[in-house]
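Asks: Have a look at this one.
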Amino acid sequence: MDEQKKLPRSVLIIEDDLELAELVAQELRVGGFTTYIAQSGREAAKILKESTISLVLLDLMLPGEDGLEICKQIRRHEHSPAIIMVTARGELADKVAGLELGADDYVVKPFEARELLARCKAVMRRQGGASTNQVISAPHMAEPVRYGFLGWQLDMKARLLYSPEGVTISLPNSDFHVLVALIEAPNKVLPRALLLERAFSRSMSYEDRAVDVCISRLRQHLEKDRSKPELIRTVRNEGYVLYVDPTQVSVQ
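The structure is reproduced here in structure tokens:
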């Protein structure tokens, strides 16, 4: 059986508007997903504990609760599901805040059902892409199990990053795909638009800072001084580059 088909396709919808949640659930079921609905953070925590959830649709505007805090709590789990923020907040600051906490994508209300379904499927593809070779493009790295560079190790199947000191770091899907793209092209400048497509499967708008957020999070892990990055460098008006000699990148 194809590896991708083995992946769970269960979506947890965290939304206080039950009518809207049920409409979204119906669309997702038509698209082949199993769905759960939670109207509060407490209900969501119970479902996440009892069920295997691969994707969470999180409303940031839950009454009396902080959706960003719920996002943070979900991300604390080592094998947390992917997260798409579904919110009426269209401001850039809110989008960036959610992405900085580890959300994989966002949809702003009101939204088209087809757009939401497409984003869910895109996130699911990215979740399973490493094992099915949908993301890996270099022909000489057909099915890598682990990348190594400067003492760091990136486990492609578990999607875990190991520091030279042996610290285990769980990466959001978007950060994982950005890092893979950089590792596969060491010492080459990758445009932000390319990284956005790899991480989020969408084209870039003028104010889209999603890739910058991913880079910022990766620098928190990889750089000794994030304000003076040495490993992941910014090339003004071009993109980002992993400043590593190609001979220093190992593939297992």
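Following this note's numbering, the numbering of the sequence shown begins with 1 at its first residue and continues without gaps.
For glycine and all other residues, C-beta sits at the position ideal for the given N, C-alpha and C.
Excluding sequence positions up to five away, which residues of its chain have a Cβ less than 6 Å from the Cβ of Tyr36?
Replies: Cβ neighbours of Tyr36 beyond the five flanking positions: Leu12 and Ile47.
Asks: I'd like the span of the beta strand (DSSP E) that includes Phe149, first residue to last.
Replies: Taken as a continuous stretch (DSSP letters only), the beta strand (DSSP E) holding Phe149 covers Arg146 to Phe149.
Asks: Taking Gln39 as part of the beta strand (DSSP E), name the residues at either end of that continuous run.
Replies: Neither: Gln39 is in no beta strand (DSSP E) and is coded neither H nor E.
Asks: Check each candidate in Val251, Arg9 and Leu28 and name the one with the smallest Cα separation from Val280.
Replies: Here the chain covers residues 1 to 252 and nothing more, so residue 280 does not appear.
Asks: Based on DSSP bridge pairs, tell me the residues matched to Thr234.
Replies: Answer by DSSP bridge pairing, in chain order: Tyr240.
Asks: My assumption, with CB atoms under 8 Å, is that Ile82 sits in contact with Leu55. Please give the rounded CB distance.
Replies: First, the amino acid is wrong: residue 82 is Ala here, not Ile. Right, the Cβ-Cβ distance comes to about 5 Å (below 8 Å), so this counts as a contact.
Asks: Determine the burial state of Gly239: buried for a count of at least 16 other Cβ atoms within 10 Å of its Cβ, exposed for fewer.
Replies: Under this definition Gly239 is a buried residue.
Asks: Quick check on this structure: which residue in Lys224, Tyr106 and Tyr243 has the alpha carbon closest to the alpha carbon of Ile232?
Replies: Residue Tyr243 is the option with its Cα nearest to Ile232.
Asks: Whose CA, out of Asp16, Glu22, Leu20 and Gly32, lies closest to the CA of Gly41?
Replies: The option with the nearest alpha carbon to Gly41 is Asp16.
Asks: What's the gap between the Cα of Cys120 and the Cα of Ala185?
Replies: Cα-Cα distance, rounded: 28 Å.
Asks: Within a Cβ cutoff of 6 Å, which residues of the same chain sit near Gly102, ignoring the five residues on either side of it in sequence?
Replies: Only Arg75 and Pro172 meet the Cβ criterion.
Asks: Report the residue from Leu117, Arg217, Asp104 and Val86 whose alpha carbon sits nearest the alpha carbon of Pro110.
Replies: Of the listed residues, the one whose Cα sits closest to Pro110 is Val86.
Asks: Name the DSSP beta bridge partners of Pro191, please?
Replies: Partner(s): Gly239.
Asks: In chain order, what residues of the same chain have a beta carbon less than 8 Å from the beta carbon of Tyr106, not counting five sequence neighbours either side?
Replies: Around Tyr106: Ile84, Met85, Val86, Thr87, Lys95, Gly98 and Leu99.
Asks: Do we get a CB-CB distance below 9 Å when we pair Val24 with the residues of chain C?
Replies: Absent here is chain C; the protein component of the structure consists of one chain.
Asks: Taking DSSP as the reference, what is the three-state secondary structure of Ile74?
Replies: Helix, per DSSP.
Asks: If Ile14 sits next to Ile70, beta carbons under 8 Å apart, how far is it from one beta carbon to the other, in whole angstroms?
Replies: About 7 Å separates the two Cβ atoms, so the contact holds.
Asks: Mind checking Asp104: buried by the 16 CB within 10 Å criterion, or exposed?
Replies: When all chains shown are included, Asp104 counts as buried.
Asks: For Ile53, does the three-state DSSP call read helix, strand or coil?
Replies: Three-state result, Ile53: coil.
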